[in-house]
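Visitor:
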DNA sequence: TTGACATGAAACCAAAAGGTGTCATATAAT
DNA sequence: ATTATATGACACCTTTTGGTTTCATGTCAA
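Protein chains in written order, with full-length UniProt numbering: chain A, 1 to 108; chain B, 1 to 108.
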């Protein structure tokens with residue numbers, strides 16, 4: 001499940017700050033490429049490439065409407081990130097994990 | 001808070017599969033460089049570079065013990081990832097988000 | 001039908017990423 | 001003292017990344 005179709009996975013996709021900005025932009029709003037690229041100091045083509053990488057990771061979906069291609073956010077692949085994170089969550093410094101470590105404790 | 005000291009942040013640090021493996025290896029175990037690199041098909045030097053990147057992101061801490069340098073996991077920076085993820089969590093496919101989207105809906 | 005948009009595709013580029021091998025240095029061990 | 005170990009520091013190489021510019025194509029508007 002969640003087999004990454006392309007060569008880009010979700011970890012790589014969100015590594016770039018611009019791509020994270022794009023995702024935030026698409027929150028609640030389906031947007032065409034030019035509207036998206038209007039928010040960045042880089043060329044439309046560069047934004048288009050970022051969008052393709054996000055699409056490969058499944059984080060956005062495209063829909064062609066007339067002469068424009070509209071992109072929308074797809075959060076489902078973030079589940080993988082969530083579960084990855086979940087593995088380390090028990091080591092965090094908070095009441096619950098502190099309790100856990102106390103109970104399970106066998107360290108120095 | 002969590003100001004990234006070096007040029008590598010946590011998003012970039014976890015983008016690489018090898019580095020994620022290193023983090024998993026260090027779970028519960030402080031390890032010297034050679035012991036870590038023994039788990040990978042790449043050279044010790046390469047592993048060392050990965051460790052430096054992880055250290056820049058604050059995900060590992062080093063401690064010199066005699067002639068070896070031991071690394072241990074530091075999960076605190078993952079909090080940033082967690083809160084980033086948290087922003088999108090409300091859009092996931094579950095009862096609550098479905099209800100939200102129904103209420104706020106103004107799409108075709 | 002003639003332009004004006006919106007986008008994708010291709011060729012190209014500089015810099016960063018991920019590796020390698022070699023060498024220097026500090027610390028054990030004999 | 002001498003040798004072996006553990007690691008960091010360099011120099012170097014190849015591929016990937018993030019960008020650019022230019023050109024082709026499809027679609028909407030006059």
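Where a beta carbon is used, it is the ideal one built from N, C-alpha and C, also for glycine.
1) Can you list, in chain order, the residues of its chain with a C-beta nearer than 6 Å to that of residue 70 of chain A? Leave out the 5 residues immediately preceding and following it.
2) Name the chain B residues that come within less than 7 Å of residue 14 of chain A, Cβ to Cβ?
3) For a contact defined as C-beta to C-beta under 7 Å, what are the partners of residue 18 of chain B on chain A?
4) If we count Cβ pairs, one from each stretch, closer than 8 Å, do we get three or more for the segment 48–55 of chain B versus the segment 15–22 of chain B?
5) If the cut is a Cβ gap below 9 Å, which residues of chain A does residue 61 of chain B touch?
6) Between the beta-carbon of residue 91 of chain B and the beta-carbon of residue 75 of chain A, is there less than 7 Å?
7) What did DSSP end up calling residue 27 of chain A once you bin it into helix, strand or coil?
8) Counting only beta-carbon separations shorter than 7 Å, does residue 88 of chain A have a partner in chain B?
9) Look at the Cβ atom of residue 41 of chain A, then the Cβ atom of residue 58 of chain A, and state whether they are nearer than 7 Å.
10) I'd like the list of long-range same chain contacts for residue 60 of chain A, defined as Cβ closer than 7 Å, with 5 residues on each side in sequence excluded.
11) Which whole-angstrom value describes the C-beta separation of residue 46 of chain B and residue 15 of chain A, a residue pair presumed to lie in contact below a C-beta threshold of 8 Å?
12) In or out: residue 65 of chain B buried (at least 16 other Cβ within 10 Å) or exposed?
13) Tell me where the alpha helix (DSSP H) around residue 45 of chain B begins and ends.
14) Can you list, in chain order, the residues of its chain whose CB lies under 8 Å from that of residue 7 of chain B, leaving out five sequence neighbours each side?
15) Roughly how many angstroms separate the alpha carbons of residue 85 of chain B and residue 82 of chain A, rounded to a whole number?
16) Which of the three DSSP states, helix, strand or coil, is assigned to residue 63 of chain A?
Guide: Walking through what the data contain:
1) In the first chain, residue 70 of chain A corresponds to position 70, counting from 1. Closer than 6 Å at the Cβ level, and outside the excluded window around residue 70 of chain A, lie 30, 32 and 63.
2) What you label residue 14 of chain A is simply residue 14 of the first chain in a count that begins at 1. Simply 11.
3) On the second chain, residue 18 of chain B is found 18 positions in, with the first residue counted as 1. Near residue 18 of chain B there are no residues of chain A at all, since even the closest Cβ is about 12 Å away, more than 7 Å.
4) Between the segment 48–55 of chain B and the segment 15–22 of chain B, the count of Cβ pairs shorter than 8 Å is three or higher; the stretches touch.
5) For the purposes of this step, residue 61 of chain B is taken as the residue at position 61 of the second chain. Taking the beta carbon of residue 61 of chain B as reference, no residue of chain A falls within 9 Å; the closest one sits roughly 13 Å away.
6) Mapped onto the second chain, residue 91 of chain B falls at position 91. Mapped onto the first chain, residue 75 of chain A falls at position 75. Yes, Cβ-Cβ distance for residue 91 of chain B and residue 75 of chain A is below 7 Å.
7) Position 27 of the first chain, counting from 1, holds the residue named residue 27 of chain A. It is coil, neither helix nor strand.
8) For the purposes of this step, residue 88 of chain A is taken as residue 88 along the first chain, with counting starting at 1. Yes, residue 88 of chain A counts as interfacial toward chain B.
9) Reading the first chain from its first residue, position 41 is the one you call residue 41 of chain A. Reading the first chain from its first residue, position 58 is the one you call residue 58 of chain A. Taking the C-beta atoms as reference points, residue 58 of chain A is found no nearer than 7 Å to residue 41 of chain A.
10) Taking the first residue of the first chain as position 1, residue 60 of chain A is located at position 60. So the list reads 26, 51, 54, 71, 72, 73 and 74, once near-sequence residues are dropped.
11) Within the second chain, residue 46 of chain B is the residue found at index 46, counting from 1. Within the first chain, residue 15 of chain A is the residue found at index 15, counting from 1. With a beta-carbon spacing of about 19 Å, residue 46 of chain B and residue 15 of chain A fall beyond the 8 Å limit used to define contacts.
12) Looking up residue 65 of chain B in the second chain gives position 65. By the Cβ neighbour-count rule, residue 65 of chain B is exposed, with fewer than 16 other Cβ atoms within 10 Å of its own.
13) Indexing the second chain from 1 puts residue 45 of chain B at position 45. Counting along the chain, the alpha helix (DSSP H) containing residue 45 of chain B begins and ends at 44–56.
14) Numbered from 1 along the second chain, position 7 holds the residue referred to as residue 7 of chain B. The beta carbon of residue 7 of chain B sits closer than 8 Å to those of 56, all from its chain and outside the five residues before and after it, given in chain order.
15) Working through the second chain from its first residue, we reach residue 85 of chain B at position 85. Working through the first chain from its first residue, we reach residue 82 of chain A at position 82. The C-alpha of residue 82 of chain A is placed about 7 Å away from the C-alpha of residue 85 of chain B.
16) Numbered from 1 along the first chain, position 63 holds the residue referred to as residue 63 of chain A. Looking at residue 63 of chain A - three-state DSSP - the assignment turns out to be strand.
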